[in-house]
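Encoded as structure tokens, the structure appears first; notes follow it.
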Amino acid sequence: MRGPNASGLPLNGTIVQRRDLNDGLTALTIALHGWELPPFEAGQYIDIALQTRSTLNQSVQLDSTRFVQNELIRRSYSIASSPKRRDQFELLLNLVPRGEFTPALWRLEEGARLHVNPRVRGRFTLTSALENHAHDIHVVDDPDVYRNTVPVADREAAAADHPEPATSSSHDWPTFHPHLIFIATGTGLAPYMSMLRDNEGSDPPWASATLLHSVRHAEDLAYRDELDALATLDGFRFRYIPTVTRPRPETGWTGHIGRLQPLLEANRYAELTNGRSIRPEDTHIYLCGNPEMIQSLRETFEAQGFVRHTSNTPGNLHFESYW
Ligand SMILES: Cc1cc2nc3c(=O)[nH]c(=O)nc-3n(C[C@H](O)[C@H](O)[C@H](O)COP(=O)(O)OP(=O)(O)OC[C@H]3O[C@@H](n4cnc5c(N)ncnc54)[C@H](O)[C@@H]3O)c2cc1C
Ligand SMILES: NC(=O)c1ccc[n+]([C@@H]2O[C@H](COP(=O)([O-])OP(=O)(O)OC[C@H]3O[C@@H](n4cnc5c(N)ncnc54)[C@H](OP(=O)(O)O)[C@@H]3O)[C@@H](O)[C@H]2O)c1
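Remember, our numbering sits 144 above the position in the sequence shown when you count from 1.
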């Protein structure tokens, strides 16, 4: 729900850590009081709510433990932390100066309380890719139902190229593992952080995972050190490709410059990934963040044979649009 909502919601979360990465980007850790989130999946999102300046009633303080009696405004955020931790969670947010919610949130300091909706939602998860491949394995006779069904010979060849562990430590994943391409603009990185963190320390359920992250300025590259470190882990099969579209000379950025699209062209992508090609037969693509980026790349990948994943029609193209 966008905009003022029902009153009387408990201030059931506390900002216990606020890590400002720059003036317009922050990572918040929110702890819960005497309750925890239900089991959820990496990639899902949660709603938080607070009183904004326009609705703030002077008689009710944001840091009170009382129920809020007047209108709140709420917004959805992808959870950036691992689902293994449910007594607290982390969000990655940017300030939208003309927005209604984020300027109010930016005024909050550690210790401030807000409302956390106990429902965690969304289908932007690894299960969407992995169960789909499980279907592929068991239902190979009906290509109309599973349009991205992998021919048995291709599956066997891919499996031989990328021998997979039978299970990961925390999930009962299917044994065939696809190649994953995680594509993000800005804070669209958050759900991938949850997926990566969830699988850190175990055999991940992918043949390979490649993260492409586009930001305006190098200082917007959240979690850069953590991602660089994950990319060096033996057996994690993870590659991190950041790109900066408006580099400031003083930051000394020497990495990729420009939008994501050129990096995803077949030859360029192969150069960046030791010869990998982006094939609908064995690859799932995730797109998160700016809706114009999603629309643009959706068209590109659909033209290459990728199919949008929905609850009724399993596919290999997954979206999470932030506005
Ligand atoms: C499922 C889902 C998950 C989301 N997860 C995140 C998240 O993890 N982190 C996050 O920062 N935002 C996320 N958002 C966006 C978030 O819900 C808010 O829209 C955002 O924080 C701005 O709120 P606002 O009220 O200040 O501005 P709004 O009035 O909501 O938005 C005003 C304008 O700001 C721009 N905008 C909105 N969100 C962003 C953004 N994230 N980055 C850049 N420009 C933006 C758009 O042009 C939008 O029209 C998510 C949205 C959805 C639907
Ligand atoms: N990032 C900041 O410095 C900052 C600071 C404070 C507040 N904000 C607010 O946050 C919002 C923008 O934040 P943001 O920079 O994180 O998000 P964004 O505008 O979505 O930009 C993030 C990345 O996505 C790229 N992108 C945009 N449209 C694309 C498309 N169609 N195809 C491919 N790539 C595309 C951008 O490239 P381009 O650069 O080429 O567009 C940029 O690299 C604005 O409301 C702004 O006022 C931002």
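Just so you know, even glycine gets a beta-carbon here, dropped at the ideal spot from N, CA and C. Note that the structure is a prediction, hence the values are computed from the model and not measured.
Tell me whether the beta-carbon of residue i lies closer than 8 Å to the beta-carbon of residue j.
| i | j | result |
| --- | --- | --- |
| V260 | Q188 | no |
| I159 | G255 | yes |
| L181 | L249 | no |
| H357 | P391 | no |
| Y384 | G433 | no |
| D191 | R219 | yes |
| H323 | D167 | no |
| Y367 | L355 | no |
| F245 | I223 | no |
| D372 | G330 | no |
| S338 | A171 | no |
| L155 | R251 | no |
| P424 | G449 | yes |
| S440 | R267 | no |
| M437 | L408 | no |
What residue range does the beta strand (DSSP E) around residue i cover?
| i | result |
| --- | --- |
| Q232 | Q232 to N238 |
| F468 | Outside the displayed span of the chain (145 to 467) sits residue 468, for which this structure offers no information. |
| L431 | T427 to G433 |
| Y189 | Y189 to L194 |
| N166 | G157 to N166 |
| N261 | R257 to R265 |
Please name the residue, chosen from the options, that lies closest to residue i on a Cα-to-Cα basis.
| i | options | result |
| --- | --- | --- |
| A334 | P154, E464 and L176 | E464 |
| L270 | R229, I438 and H453 | H453 |
| N238 | V359, R412 and E394 | V359 |
| S352 | F184, W397 and L374 | L374 |
| A468 | P435, L461 and T457 | Outside the modelled stretch of the chain, which goes from 145 to 467, sits residue 468, for which no answer is possible. |
| P349 | G379, T329 and S421 | G379 |
| T389 | P406, L274, S455 and T444 | P406 |
| T468 | E344, R403, P393 and E394 | Because the chain is modelled from 145 through 467, residue 468 falls outside the range shown and cannot be assessed. |
| L235 | G459, P247, R163 and E436 | R163 |
| W179 | R403, P262 and P241 | P262 |
| T457 | P183, L165 and A273 | A273 |
| E370 | P183, L153, Q161 and S225 | S225 |
| A275 | T444, E443, P435 and H428 | Correcting the residue identity first, residue 275 is Glu in this sequence and not Ala. Ranking T444, E443, P435 and H428 by Cα distance to E275 puts H428 first. |
| S382 | P393, L169 and L340 | Here residue 382 turns out to be Phe, not Ser, going by the sequence shown. Of the listed residues, the one whose Cα sits closest to F382 is L340. |
| H177 | G157, Q161 and F184 | G157 |
| E253 | P435, L165, Q161 and L169 | Q161 |
| T444 | H321, E415 and A410 | A410 |
| L169 | L153, P183, P247 and F184 | P247 |
| P435 | G332, H321 and F320 | G332 |
With a cut-off of 8 Å on the beta carbons, I'd call residue i and residue j a contact; round off their distance for me.
| i | j | result |
| --- | --- | --- |
| T417 | G399 | Rounded, the Cβ-Cβ distance is 15 Å, inconsistent with contact. |
| I325 | Q232 | Contact flag wrong, Cβ pair sits at about 30 Å. |
| P227 | D347 | In fact, because the Cβ distance is near 18 Å, the residues do not count as touching under 8 Å. |
| Y430 | I327 | 6 Å |
| I422 | Y413 | 6 Å |
Per DSSP, what are the beta-bridge partners of residue i in this structure?
| i | result |
| --- | --- |
| F382 | A353 |
| L404 | Per DSSP, none; premise fails for L404. |
| V451 | The partner list for V451 (beta bridge, DSSP) is empty, contrary to what the question assumes. |
| I422 | None, per the DSSP bridge assignment. |
| R392 | Its beta-bridge partners do not exist; DSSP assigns none. |
| Y221 | I190 |
| T457 | In the DSSP output, where bridge partners are listed per residue, T457 has none listed. |
| T387 | S358 and H400 |
| L274 | Looking at the DSSP assignment, L274 forms no beta bridge with any residue, so it has no partner. |
| S90 | Outside the modelled stretch of the chain, which goes from 145 to 467, sits residue 90, for which no answer is possible. |
| E180 | E180 pairs with nothing; no bridge assigned. |
| F463 | L431 |
Starting from residue i, follow the alpha helix (DSSP H) in both directions and report where the run begins and ends.
| i | result |
| --- | --- |
| P247 | T246 to W250 |
| R341 | A334 to N343 |
| A375 | R368 to A375 |
| A175 | No alpha helix (DSSP H) holds A175; the beta strand (DSSP E) holding it covers L169 to L176. |
| Y413 | A410 to L416 |
Nearest chain B C-beta to residue i closer than 8 Å, yes or no?
| i | result |
| --- | --- |
| L416 | This model lacks chain B altogether; it includes just one protein chain. |
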